[in-house]
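The UniProt record's numbering numbers the first residue of the sequence shown as 1 and each following residue consecutively. Below is one structure, written out as structure tokens, with a few remarks after it.
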Amino acid sequence: MRLTTKGRYAVTAMLDLALHGDEGPVSLADISRRQGISLSYLEQLFARLRREKLVASVRGPGGGYRLSRTSDQVFIADVVDAVNESLDTTRCSHKGDCQNGEMCLTHHLWSDLSDQIHQFLSRISLADLMNKREIQAVANRQDGKPSPDKATDTINTERLDSRAPA
1 MRLTTKGRYA VTAMLDLALH GDEGPVSLAD ISRRQGISLS YLEQLFARLR
51 REKLVASVRG PGGGYRLSRT SDQVFIADVV DAVNESLDTT RCSHKGDCQN
101 GEMCLTHHLW SDLSDQIHQF LSRISLADLM NKREIQAVAN RQDGKPSPDK
151 ATDTINTERL DSRAPA
């Protein structure tokens with residue numbers, strides 16, 4: 001199984017939207033700049049996401065996109081499904097005709113794995129990802145903000161030097 005660029009970019013763009021949505025509608029140009037995804041590709045993805053009612057567009061000056069639900073109600077599997085990305089690990093796309101028109105020996109194993117992957121992604125929301133410190137650090141870097149971890153790792157040596165014996 002391989003999650004293609006379409007699925008990865010859709011999840012990345014939706015996470016970016018969730019992280020920046022509290023500031024108002026987010027433009028696709030801003031997502032494109034931060035994530036390095038082409039604007040035309042984002043437009044295609046967001047047309048599908050809008051059709052599936054995961055995002056809503058806001059027109060006019062300062063317009064862009066916003067989540068249609070709260071970030072804790074948007075699950076990664078919803079996003080992947082919305083862009084018609086397959087999480088199928090079988091060779092036959094679940095048809096059962098993987099070996100000369102018949103089911104192969106390991107069909108059920110790969111079919112069960114596909115189901116497990118989908119269930120796993122169905123339990124992870126955008127909010128879950130937003131709360132991860134690693135993701136916050138990357139988002140801060142992309143926004144040009146210092147990482148909170150870096151500030152706490154610094155020791156003020158100036159004060160220590162003044163107390164050191166000569």
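Ideal Cβ positions, reconstructed from N, Cα and C, are used throughout, including at glycine.
Under DSSP, Q99 takes part in a beta bridge, and its partners are E102. Here DSSP, grouped into helix, strand and coil, assigns L39 to helix. Each residue's CA atom was taken as its position, placing H108 and L87 some 15 Å apart.
With distances taken between CA atoms, L45 lies nearest to V79 out of E23, F120, V79. Around the CB of F75, 16 or more other CB atoms lie within 10 Å, so the residue is classed as buried.
About 6 Å separates the beta carbon of L15 from that of L126, a gap short enough to meet the 8 Å contact definition. The beta carbon of S111 is closer than 7 Å to those of T90, H94 in its chain, skipping five residues each way along the sequence. Within the same chain, Cβ atoms closer than 7 Å to the Cβ of G96 are found at M103, H107, the five residues on either side in sequence being excluded. In the assembly as shown, D143 is an exposed residue. Its beta-carbon has fewer than 16 other beta-carbons within 10 Å. Judged by DSSP secondary structure, R69 falls outside any beta strand (DSSP E); it is assigned neither H nor E. Rounded to whole angstroms, the gap between the alpha carbons of I37 and D81 is 20 Å. Sequence-distant Cβ neighbours of A56 in its own chain, meaning closer than 6 Å and more than five residues away, are R66, S68.
Boundaries of the alpha helix (DSSP H) harbouring S114: 107-122, taken from the DSSP string. Cα atoms of L28 and K145: separation of roughly 21 Å, rounded to the nearest angstrom. Here S27 carries a coil assignment [DSSP, helix/strand/coil]. Around the Cβ of S40, a 10 Å sphere holds fewer than 16 other Cβ atoms; the residue is exposed. Pairing L42 with R141, the inter-Cα distance amounts to about 21 Å.
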